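In UniProt numbering, the protein residues as written are 1 to 153.
What follows is the structure in C-alpha coordinates.
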(Lines of atoms letter the chains of each structure in order from A and count residues from 1; the text may use other names and numbers.)
(Lines give C-alpha, C1' and ligand atoms only; values in the text may rest on other atoms or scores of the structure.)
Protein backbone atom coordinates (compact mmCIF):
# COMPACT_ATOMS: atom_id res chain seq x y z
CA UNK A 1 0.00 0.00 0.00
CA UNK A 2 2.82 2.38 0.86
CA UNK A 3 4.50 1.69 -2.47
CA UNK A 4 1.37 2.69 -4.40
CA UNK A 5 1.07 6.01 -2.58
CA UNK A 6 4.81 6.61 -3.06
CA UNK A 7 4.43 5.93 -6.79
CA UNK A 8 1.56 8.39 -7.10
CA UNK A 9 3.48 10.97 -5.06
CA UNK A 10 6.54 10.53 -7.28
CA UNK A 11 4.40 10.86 -10.41
CA UNK A 12 2.90 14.07 -9.05
CA UNK A 13 6.34 15.45 -8.19
CA UNK A 14 7.62 14.57 -11.66
CA UNK A 15 4.70 16.51 -13.16
CA UNK A 16 5.58 19.51 -10.99
CA UNK A 17 9.23 19.15 -12.00
CA UNK A 18 8.21 19.16 -15.66
CA UNK A 19 6.24 22.38 -15.13
CA UNK A 20 9.20 23.99 -13.36
CA UNK A 21 11.50 23.05 -16.23
CA UNK A 22 9.06 24.63 -18.70
CA UNK A 23 8.90 27.81 -16.59
CA UNK A 24 12.70 27.89 -16.43
CA UNK A 25 12.94 27.61 -20.20
CA UNK A 26 10.40 30.42 -20.69
CA UNK A 27 12.28 32.60 -18.20
CA UNK A 28 15.55 31.86 -19.98
CA UNK A 29 14.08 32.88 -23.34
CA UNK A 30 12.76 36.11 -21.83
CA UNK A 31 16.06 36.95 -20.18
CA UNK A 32 17.91 36.16 -23.41
CA UNK A 33 15.74 38.75 -25.17
CA UNK A 34 16.56 41.32 -22.49
CA UNK A 35 20.28 40.56 -22.74
CA UNK A 36 20.17 41.07 -26.51
CA UNK A 37 18.48 44.44 -25.90
CA UNK A 38 21.20 45.36 -23.40
CA UNK A 39 23.90 44.47 -25.91
CA UNK A 40 22.29 46.45 -28.75
CA UNK A 41 21.70 49.48 -26.55
CA UNK A 42 25.21 49.29 -25.15
CA UNK A 43 26.65 49.50 -28.63
CA UNK A 44 24.57 52.61 -29.33
CA UNK A 45 25.00 54.44 -26.02
CA UNK A 46 28.02 54.38 -23.80
CA UNK A 47 26.55 56.32 -20.87
CA UNK A 48 25.75 54.13 -17.88
CA UNK A 49 22.74 56.12 -16.67
CA UNK A 50 20.70 55.16 -19.72
CA UNK A 51 21.75 51.53 -19.35
CA UNK A 52 20.82 51.25 -15.68
CA UNK A 53 17.19 50.27 -16.36
CA UNK A 54 18.18 47.54 -18.78
CA UNK A 55 20.75 46.21 -16.34
CA UNK A 56 18.22 46.06 -13.52
CA UNK A 57 15.69 44.17 -15.66
CA UNK A 58 18.39 41.74 -16.80
CA UNK A 59 19.44 41.23 -13.18
CA UNK A 60 15.83 40.65 -12.11
CA UNK A 61 15.39 38.11 -14.90
CA UNK A 62 18.55 36.29 -13.85
CA UNK A 63 17.37 36.20 -10.21
CA UNK A 64 13.96 34.85 -11.25
CA UNK A 65 15.63 32.15 -13.33
CA UNK A 66 17.92 31.32 -10.42
CA UNK A 67 14.93 30.98 -8.08
CA UNK A 68 13.20 28.65 -10.53
CA UNK A 69 16.34 26.55 -10.79
CA UNK A 70 16.52 26.35 -6.99
CA UNK A 71 12.89 25.16 -6.85
CA UNK A 72 13.68 22.60 -9.54
CA UNK A 73 16.69 21.38 -7.57
CA UNK A 74 14.54 21.02 -4.46
CA UNK A 75 11.94 18.98 -6.39
CA UNK A 76 14.67 16.71 -7.72
CA UNK A 77 16.01 16.19 -4.19
CA UNK A 78 12.50 15.40 -2.95
CA UNK A 79 11.98 12.86 -5.74
CA UNK A 80 15.33 11.25 -5.00
CA UNK A 81 14.54 10.96 -1.31
CA UNK A 82 11.15 9.38 -2.07
CA UNK A 83 12.78 6.89 -4.43
CA UNK A 84 15.35 6.06 -1.78
CA UNK A 85 12.63 5.57 0.84
CA UNK A 86 10.76 3.30 -1.54
CA UNK A 87 13.92 1.28 -2.16
CA UNK A 88 14.52 0.93 1.59
CA UNK A 89 10.92 -0.13 2.21
CA UNK A 90 11.26 -2.77 -0.49
CA UNK A 91 14.26 -4.23 1.35
CA UNK A 92 12.39 -4.85 4.63
CA UNK A 93 13.36 -8.36 5.83
CA UNK A 94 9.78 -9.64 5.60
CA UNK A 95 9.71 -8.93 1.86
CA UNK A 96 12.59 -11.19 0.79
CA UNK A 97 11.64 -13.81 -1.77
CA UNK A 98 14.29 -16.29 -0.76
CA UNK A 99 14.54 -17.94 2.64
CA UNK A 100 18.05 -16.65 3.36
CA UNK A 101 18.46 -13.37 5.24
CA UNK A 102 20.92 -10.82 3.85
CA UNK A 103 24.61 -11.38 4.53
CA UNK A 104 26.13 -9.62 7.51
CA UNK A 105 29.61 -9.16 6.01
CA UNK A 106 30.12 -7.07 2.91
CA UNK A 107 33.07 -6.52 0.69
CA UNK A 108 34.71 -3.16 0.16
CA UNK A 109 33.21 -2.59 -3.27
CA UNK A 110 29.70 -3.25 -1.99
CA UNK A 111 30.25 -0.82 0.87
CA UNK A 112 31.53 1.83 -1.55
CA UNK A 113 28.45 1.30 -3.73
CA UNK A 114 26.20 1.73 -0.69
CA UNK A 115 28.09 4.88 0.28
CA UNK A 116 27.75 6.34 -3.23
CA UNK A 117 24.06 5.50 -3.33
CA UNK A 118 23.44 7.17 0.02
CA UNK A 119 25.53 10.19 -1.05
CA UNK A 120 23.25 10.67 -4.06
CA UNK A 121 20.32 11.33 -1.74
CA UNK A 122 22.11 14.06 0.21
CA UNK A 123 20.77 17.51 -0.64
CA UNK A 124 23.01 19.75 -2.69
CA UNK A 125 23.91 23.03 -1.03
CA UNK A 126 24.39 26.04 -3.29
CA UNK A 127 25.02 29.29 -1.49
CA UNK A 128 23.08 32.44 -2.09
CA UNK A 129 25.01 35.71 -2.27
CA UNK A 130 26.10 36.67 1.23
CA UNK A 131 25.52 33.22 2.79
CA UNK A 132 28.24 31.50 4.76
CA UNK A 133 28.78 27.76 4.32
CA UNK A 134 27.14 25.58 6.97
CA UNK A 135 29.45 24.20 9.65
CA UNK A 136 30.56 20.65 9.07
CA UNK A 137 30.47 18.00 11.76
CA UNK A 138 33.76 18.16 13.66
CA UNK A 139 34.82 21.34 11.88
CA UNK A 140 37.19 23.54 13.85
CA UNK A 141 39.62 26.30 12.98
CA UNK A 142 43.37 25.85 12.91
CA UNK A 143 45.75 27.94 14.93
CA UNK A 144 46.41 31.35 13.33
CA UNK A 145 50.03 30.52 12.45
CA UNK A 146 49.37 26.96 11.22
CA UNK A 147 50.61 26.48 7.62
CA UNK A 148 47.41 24.65 6.73
CA UNK A 149 45.47 27.76 7.65
CA UNK A 150 47.22 29.72 4.87
CA UNK A 151 46.63 26.95 2.35
CA UNK A 152 42.88 26.50 2.85
CA UNK A 153 41.73 29.93 3.98
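Ideal Cβ placement from N, Cα and C applies to all residues, glycine included. Quick caveat, the model's predicted, so the values are computed rather than measured.
Item to complete: Within the same chain, show all residues whose beta-carbon is closer than 8 angstroms to that of residue 27, passing over the 5 residues directly before and after it, in chain order.
Response: The residue labelled residue 27 in the question sits at position 27 within the chain shown. Within the same chain, residue 27 has close Cβ partners 61, 64, 65 and 68.
Worksheet entry | Buried/exposed call for residue 20, threshold 16 Cβ in 10 Å | Start at 1 with the first residue of the chain shown, and residue 20 comes out as number 20. That one is buried.
Discussion item. Among 73, 79 and 8, whose alpha-carbon lies nearest the alpha-carbon of residue 127?
Written reply: Translated into positions along the chain shown, residue 127 becomes position 127. Cα-wise, what sits closest to residue 127 is 73.
Worksheet item: Do residue 120 and residue 80 have their C-beta atoms within less than 8 angstroms of each other?
Response: The residue labelled residue 120 in the question sits at position 120 within the chain shown. The residue labelled residue 80 in the question sits at position 80 within the chain shown. The answer is yes: Cβ separation under 8 angstroms.
Discussion item. Quick check: the Cα distance between residue 34 and residue 71, rounded to an integer number of angstroms?
Written reply: Locating residue 34 in the chain shown gives position 34, where the first residue counts as 1. Locating residue 71 in the chain shown gives position 71, where the first residue counts as 1. Cα to Cα, residue 34 sits roughly 23 angstroms from residue 71.
Worksheet entry | C-alpha distance - residue 39 paired with residue 56, whole-angstrom precision | By one-based count along the chain shown, residue 39 stands at place 39. By one-based count along the chain shown, residue 56 stands at place 56. The C-alpha of residue 56 is placed about 14 angstroms away from the C-alpha of residue 39.
Worksheet entry | Boundaries (first-last residue) of the alpha helix (DSSP H) holding residue 109 | The sequence position of residue 109 within the chain shown is 109, counting from 1. For residue 109, the enclosing alpha helix (DSSP H) stretches over residues 108–120.
Item to complete: Might you give, ordered along the chain, the residues of its own chain that have their beta carbon closer than 8 angstroms to the beta carbon of residue 36, omitting 5 neighbours on each side?
Response: Counted from its first residue, the chain shown places residue 36 at position 36. Same-chain partners within the cutoff: there are none.
Practice prompt. Find out if the Cβ-Cβ distance for the pair residue 6, residue 111 is shorter than 8 angstroms.
Written response: Start at 1 with the first residue of the chain shown, and residue 6 comes out as number 6. Start at 1 with the first residue of the chain shown, and residue 111 comes out as number 111. Result no, Cβ atoms of residue 6 and residue 111 do not sit closer than 8 angstroms.
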